[in-house]
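Participant: This is the structure, below, for whatever I ask next.
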Amino acid sequence: MIKKFDKKDEESGHGSFLCNDQTLSYNALSSFFFHQQTLRRMCYLTIKEMANISEDVIIVTSSLTKDMTGKEDVYRGPAIRALCRITDTTMLQAIERYMKQAIVDKVPSVSSSALVSSLHMVKMSYDVVKRWVNEAQEAASSDNIMVQYHALGLLYHLRKNDRLAVTKMLNKFTKSGLKSPFAYCMLIRIASKLLDETEGGHDSPLFDFIESCLRNKNEMVVYEAASAIVHMPNCTARELAPAVSAVLHIATLAITTLLKTGSESSVDRLMKQISSFVSEISDEFKVVVVQAISALCQKYPRKHSVMMNFLSNMLRDDGGFEYKRAIVDCIISIIEENPESKETGLAHLCEFIEDCEHTVLATKILHLLGKEGPRTPQPSKYIRFIFNRVVLESEAVRAAAVSALAKFGAQNDDLLPSVLVLMQRCMMDSDDEVRDRATFYMNVLQQKQKALNAAYIFNGLSVSVPGLEKSLHQYTLEPSEKPFDMKTVPLATTPITEQKTEIAPVATSKLPEKLAPSRQDIYQEQLAAVPEFQGLGPLFKSSEPVQLTEAETEYVVRCIKHTFARHMVFQFDCTNTLNDQLLQKVVVQMEPSESYEVIHYVPAASLPYSQPGSCYTLVRLPDDDPTAVSCTFSCTMKYLVRDCDPNTGEPDDDGYDDEYVLEDLEVTVADHIQKVLKPNFGAAWEEVGDENEKEETFALASVRTLDEAVGNIINFLGMQPCERSDKVPENKNSHVLFLAGVFRGGHDVLVRARLALADGVTMQVTVRSSEETVVDVILASVG
0 MIKKFDKKDE ESGHGSFLCN DQTLSYNALS SFFFHQQTLR RMCYLTIKEM ANISEDVIIV
60 TSSLTKDMTG KEDVYRGPAI RALCRITDTT MLQAIERYMK QAIVDKVPSV SSSALVSSLH
120 MVKMSYDVVK RWVNEAQEAA SSDNIMVQYH ALGLLYHLRK NDRLAVTKML NKFTKSGLKS
180 PFAYCMLIRI ASKLLDETEG GHDSPLFDFI ESCLRNKNEM VVYEAASAIV HMPNCTAREL
240 APAVSAVLHI ATLAITTLLK TGSESSVDRL MKQISSFVSE ISDEFKVVVV QAISALCQKY
300 PRKHSVMMNF LSNMLRDDGG FEYKRAIVDC IISIIEENPE SKETGLAHLC EFIEDCEHTV
360 LATKILHLLG KEGPRTPQPS KYIRFIFNRV VLESEAVRAA AVSALAKFGA QNDDLLPSVL
420 VLMQRCMMDS DDEVRDRATF YMNVLQQKQK ALNAAYIFNG LSVSVPGLEK SLHQYTLEPS
480 EKPFDMKTVP LATTPITEQK TEIAPVATSK LPEKLAPSRQ DIYQEQLAAV PEFQGLGPLF
540 KSSEPVQLTE AETEYVVRCI KHTFARHMVF QFDCTNTLND QLLQKVVVQM EPSESYEVIH
600 YVPAASLPYS QPGSCYTLVR LPDDDPTAVS CTFSCTMKYL VRDCDPNTGE PDDDGYDDEY
660 VLEDLEVTVA DHIQKVLKPN FGAAWEEVGD ENEKEETFAL ASVRTLDEAV GNIINFLGMQ
720 PCERSDKVPE NKNSHVLFLA GVFRGGHDVL VRARLALADG VTMQVTVRSS EETVVDVILA
780 SVG
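Residue 0 is where the sequence shown starts when you use numbering that gives the first Met the number 0, and the numbers rise one by one after that.
Printed below as a string of structure tokens:
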């Protein structure tokens, strides 16, 4: 039955672990010559499992001792556990020196193995293991949480029959502190048991220690301490209160976990459970509950009424700013996700601002009322709540209320006369910001022009503030008879939130002395420093980097596409990953597939090892066919190579020309359009007008869902979805997508896409713009 091991067996890992003594001993010894980690460690497990049925297993003691003192840390811990399993009382003293060394070993796995093995051997030879107390105490100060925990366990089991020794140990560790939460839990249990045995009162230092653990950062320790206090006899209500409070914190985490993982049918029951204790927890945990409810609203939108009522009750309770802000944000998100909840949510928020003491929240709600209130069936009922803020609140809130009133007058002709009367009253306000806003909106509203309302009340500007500052400064340095043109100002590079389109109240916050430049502002300065790019005008848009090589190749190249009014600059960021080459005169030669014209290359002078550099290609956009905005370029990097010493970087005197083929680079319609947000798409649609409106119908091939269609359209056109039209309701066969953007040259463009789902997706596209060519570009690109 015995199979002999040869070299082939060792390499393949084949062998025999049969359950007779001779096979076990022979194979166990042979396995110690394995270089395979898995087989070697399996051998340790086999020795441990068969130790009770094999009489000769003790023959491997010397091999295990060699492994536990060896240099391979991965073997030392398992070897200690296996050795201690087969060691008896007569052999324990022979390995005592090795065990003491292992207990204080710097490798945590080795130290823990020795401590746990010592704990098992206490039952077998208490007197020998007791001599290892000093080493165990040293291990108890380890930074490793498991070593500290195992050391404390060994010390307690060595002293548990000596009450005085246990008391001294508790005093020592409760004063010095521990890093291991597991060790803290053990200390709490020991202290609780000692209090019970000694009938110690609640004035005992041990009780004070347990109570202090309620403030531990680790939830496991807090729960253990709370459990210990709750189970103590004769506890008063005052002594139980901190423990109950701690348990409520843990219950909060449990209930929020249920909120995130529960089913739709469990929502009502969970809301009742939360209501029973939410008033008892701190604001910090209330915020956690609100965030979980917000996530649940997105998951189960049909349950919005239950959660809205719960949130409105929470809004009436006392609480700090962060707590109230979390509730307000949650209600706003419900309103935006569920149109049928709009009036209920607005009613709750109107009630809240009557007694709201937080300026930021009041202005945020007023902005929401100005956006959503005019579109409700009875917009007049919100006017009272808004004008009350003009009468009763601070300057910042009064200014926000004036802006909200203006939106009601701009969108509802029936309310316009009343709004104008209220604006006249606001023009007599004591604060200049409020008076200025009222005067401005009064004059705009009196014109009764939808285009003016859209431009100055609903949507506002979407330009880069640093870019506007620089453009105005440049205009003052170069006097001209032409008026300042806003189309020359760079647009904001990120979608502007609707709150930023408001005229910010001066009293709300102090503006920074200098705004940080945006990514596009930085590119504008870099490109302006290149002489070949003088006269290109303001930078319209910079794309995200496009990788033209794999990350592991010898040359790493990425491209950033910079779009101007009539040109494009391609910036190639190149990195040389070869330490034995120096690249010089690096350019990326581009061959366009369409009527684009390459007019200049700006090389990177030198690319040393691992030092990025940039080269540029200037391309003229086609003039004869303005709709030809898409193009594919084949790209080849050309350069002069000079071999160099990898250690010193010193290049050879001579070099040779070489080239490296890159991935093709595509220019799409999205590279010519900048995203802008139109908070009121309908007003913007009327502002542009139907003079250049065109409409076509397309069948979207290989698209099977409305969600997929919406995502593809947004990515292809590179425009900003408005009024949350990128969210497709469930179980709908039709949807309308609203998109807004600005085409290079400063021309507004709006798209309304009606989508219908049948066998595939059919799309009816209506495009409006201030320039007819832009409409043709969009439709030609889609087609």
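Note that beta-carbon positions come from the ideal geometry of N, C-alpha and C, so glycine has one too. Keep in mind that this is a model prediction, so the values were computed, not measured.
When the Cα of Y522 is compared with those of E590, K584 and Y615, which residue comes out closest?
Facilitator: Looking up residue 522 in the sequence shown gives position 523. Ranking E590, K584 and Y615 by Cα distance to Y522 puts Y615 first.
Participant: Excluding the 5 residues flanking S108 on each side, which residues of the same chain have their C-beta closer than 6 Å to its C-beta?
Facilitator: Taking the first residue of the sequence shown as 1, we reach residue 108 at position 109. Excluding sequence neighbours, S108 sits near G76.
Participant: Should D317 be labelled buried (16 or more other beta-carbon atoms within 10 Å of its own) or exposed?
Facilitator: As a first step, residue 317 is located in the sequence shown; it is residue number 318 there, counting from the start. Answer is exposed; the Cβ neighbour count stays below 16.
Participant: How long is the line joining the alpha carbons of H328 and F351, rounded to whole angstroms?
Facilitator: Here residue 328 refers to the residue found at position 329 of the sequence shown. Here residue 351 refers to the residue found at position 352 of the sequence shown. Rather than His, the amino acid found at residue 328 in this sequence is Asp. In a straight line, the C-alpha of D328 is about 13 Å away from that of F351.
Participant: Just the Cα atoms here: how many angstroms apart are R388 and A325?
Facilitator: Locating residue 388 in the sequence shown gives position 389, counting from the first residue. Locating residue 325 in the sequence shown gives position 326, counting from the first residue. Spanning the two alpha carbons is a distance of roughly 22 Å.
Participant: Between the alpha carbons of C83 and A164, how many angstroms are there, rounded?
Facilitator: Counting from one through the sequence shown, the residue named residue 83 turns up at place 84. Counting from one through the sequence shown, the residue named residue 164 turns up at place 165. Their Cα atoms are separated by approximately 27 Å.
Participant: Identify, in the order they occur along the chain, each residue of the same chain with its Cβ nearer than 6 Å to the Cβ of T626, setting aside the five sequence neighbours on each side.
Facilitator: For the purposes of this step, residue 626 is identified with residue 627 of the sequence shown, where counting begins at 1. Closer than 6 Å at the Cβ level, and outside the excluded window around T626, lie D775, V776 and A779.
Participant: Pull up the CB-CB distance for C349 and F384, whole angstroms please, since I reckon it's below 8 Å.
Facilitator: Residue 349 sits at position 350 when you count from the first residue of the sequence shown. Residue 384 sits at position 385 when you count from the first residue of the sequence shown. Between F384 and C349 the Cβ distance is about 4 Å, and since that is below 8 Å, they are a contact.
Participant: Looking only at its own chain, which residues have a Cβ that is under 6 Å from the Cβ of Q763, when we skip the five neighbours before and after it?
Facilitator: Against the sequence shown, residue 763 aligns to sequence position 764. Same-chain partners within the cutoff: T696 and R753.
Participant: Given E512, which residues of its chain have a CB within under 6 Å of its CB, disregarding the five upstream and five downstream residues?
Facilitator: The residue given as residue 512 occupies position 513 in the sequence shown. Only weak support is given to the placement of E512: the predicted model assigns it a pLDDT of 47, under 50, and the value that follows is read from those uncertain coordinates. Contacts found: none.
Participant: Quick one, which of M219, T562 and D412 has its alpha-carbon nearest S542's?
Facilitator: As a working mapping, residue 542 is identified with position 543 in the sequence shown. Among M219, T562 and D412, the Cα nearest to that of S542 belongs to T562.
Participant: In chain order, which continuous runs of the alpha helix (DSSP H) of length 4 or greater are located wholly inside the stretch 348-373?
Facilitator: Whole alpha helix (DSSP H) segments, 4+ residues: 358-371.
Participant: Taking 7 Å as the limit between beta carbons, can you name the residues of its chain near H303, skipping five residues before and five after?
Facilitator: By one-based count along the sequence shown, residue 303 stands at place 304. Closer than 7 Å at Cβ, skipping near neighbours: C296, I333, N337 and S340.
Participant: So L154 and V128 are in contact, right, with Cβ under 8 Å, and what is the actual spacing, rounded?
Facilitator: By 1-based counting over the sequence shown, the position of residue 154 is 155. By 1-based counting over the sequence shown, the position of residue 128 is 129. Wrong, their Cβ atoms sit about 11 Å apart, outside the cutoff.
Participant: Output needed for A755: all residues of its chain with C-beta closer than 6 Å, excluding positions within five of it in sequence on either side, in chain order.
Facilitator: Taking the first residue of the sequence shown as position 1, residue 755 is located at position 756. Once the five neighbours on either side are set aside, the close Cβ partners of A755 are S733 and T761.
Participant: Going by CA-CA distance only, name the one from S609, S613, A528 and A550 that's closest to Q570.
Facilitator: For this step, residue 570 is matched to residue 571 along the sequence shown. Of the candidates S609, S613, A528 and A550, the one whose C-alpha sits nearest the C-alpha of Q570 is S613.
Participant: Look at Q673 and L490 and say whether their C-beta atoms are less than 8 Å apart.
Facilitator: Along the sequence shown, read from residue 1 onward, the residue named residue 673 stands at position 674. Along the sequence shown, read from residue 1 onward, the residue named residue 490 stands at position 491. Yes, the Cβ-Cβ distance between Q673 and L490 is below 8 Å.
Participant: From what residue to what residue does the beta strand (DSSP E) around L699 run?
Facilitator: Within the sequence shown, residue 699 is the residue found at index 700, counting from 1. K693 to L699 is the span of the beta strand (DSSP E), which, as asked, contains L699.
Participant: Quick check on I598: does DSSP put it in helix, strand or coil?
Facilitator: As a first step, residue 598 must be located in the sequence shown, where it is residue number 599. Strand at I598.
Participant: Indicate the three-state DSSP secondary structure (helix, strand or coil) for Y299 in the structure shown.
Facilitator: The residue given as residue 299 occupies position 300 in the sequence shown. DSSP places Y299 in coil when its eight states are reduced to three.
Participant: DSSP state of F632, grouped into three classes?
Facilitator: For the purposes of this step, residue 632 is identified with residue 633 of the sequence shown, where counting begins at 1. Here F632 sits in strand by DSSP.
Participant: Does the pairing of the stretch 544-556 with the stretch 681-696 give three or more beta-carbon distances under 8 Å?
Facilitator: Touching, no.
Participant: Can you give me the C-alpha to C-alpha distance between G447 and Y455, rounded to a whole angstrom?
Facilitator: Here residue 447 refers to the residue found at position 448 of the sequence shown. Here residue 455 refers to the residue found at position 456 of the sequence shown. At residue 447 the sequence reads Lys, which differs from the Gly that was named. Their Cα atoms are separated by approximately 12 Å.
Participant: Buried or exposed: where does Q580 fall if 16 or more other Cβ atoms within 10 Å of its Cβ makes it buried?
Facilitator: On the sequence shown, residue 580 is found 581 positions in, with the first residue counted as 1. Buried.
Participant: Starting from the N-terminal side, write out each stretch of the alpha helix (DSSP H) that is 4 residues or longer and does not extend beyond the stretch 730-763.
Facilitator: Counting only runs of 4 or more, we get nothing.
Participant: Grab the span of the alpha helix (DSSP H) containing R397 for me, first residue to last.
Facilitator: Indexing the sequence shown from 1 puts residue 397 at position 398. Residues E394 to Q410.
Participant: For I495 and G744, what's the separation of their Cα atoms in angstroms?
Facilitator: What you label residue 495 is simply residue 496 of the sequence shown in a count that begins at 1. What you label residue 744 is simply residue 745 of the sequence shown in a count that begins at 1. Any reading at I495 must be qualified, since the residue scores a pLDDT of 36, below 50, and its modelled position is unreliable; no value is offered.
Participant: Please state the DSSP three-state secondary structure of E771.
Facilitator: As a working mapping, residue 771 is identified with position 772 in the sequence shown. Helix at E771.
Participant: Just to confirm, is the Cβ distance from P678 to F457 under 8 Å?
Facilitator: For this step, residue 678 is matched to residue 679 along the sequence shown. For this step, residue 457 is matched to residue 458 along the sequence shown. In this structure, F457 lies closer than 8 Å to P678 by Cβ.
Participant: T88: which of T343, H119, K216 and R518 sits nearest, CA to CA?
Facilitator: As a first step, residue 88 is located in the sequence shown; it is residue number 89 there, counting from the start. Measuring from the Cα of T88, the nearest candidate turns out to be H119.
Participant: What do you get for K216, buried or exposed, if any count of 16 or more other CB atoms within 10 angstroms of its CB means buried?
Facilitator: On the sequence shown, position 217 is the one that residue 216 refers to. So K216 ends up on the exposed side.
Participant: Using C-beta distances below 8 Å, list every residue in its chain close to L367, excluding the 5 sequence neighbours before and after it, in chain order.
Facilitator: Your numbering for residue 367 matches position 368 in the sequence shown. Excluding positions up to five away in sequence, the list reads I331, I334, L345 and L348.
Participant: Does the structure place the stretch 736-743 close enough to the stretch 657-677 that three or more beta carbon pairs sit under 8 Å?
Facilitator: Judged by Cβ distances under 8 Å, the stretch 657-677 makes contact with the stretch 736-743, as three or more pairs qualify.
Participant: Between which two residues does the alpha helix (DSSP H) containing T438 stretch?
Facilitator: Translated into the one-based positions of the sequence shown, residue 438 becomes position 439. That run of the alpha helix (DSSP H) goes D431 to Q446.
Participant: Just the C-alpha distance for L91 and S61, rounded to the nearest angstrom, thanks.
Facilitator: Here the question's residue 91 lines up with position 92 in the sequence shown. Here the question's residue 61 lines up with position 62 in the sequence shown. Whole-angstrom Cα-Cα distance: 13 Å.
Participant: Once you ignore the five residues that flank A409 on each side, which residues in its own chain have a CB closer than 6 Å to its CB?
Facilitator: Reading the sequence shown from its first residue, position 410 is the one you call residue 409. Result list for A409: N452 and I456, in chain order.
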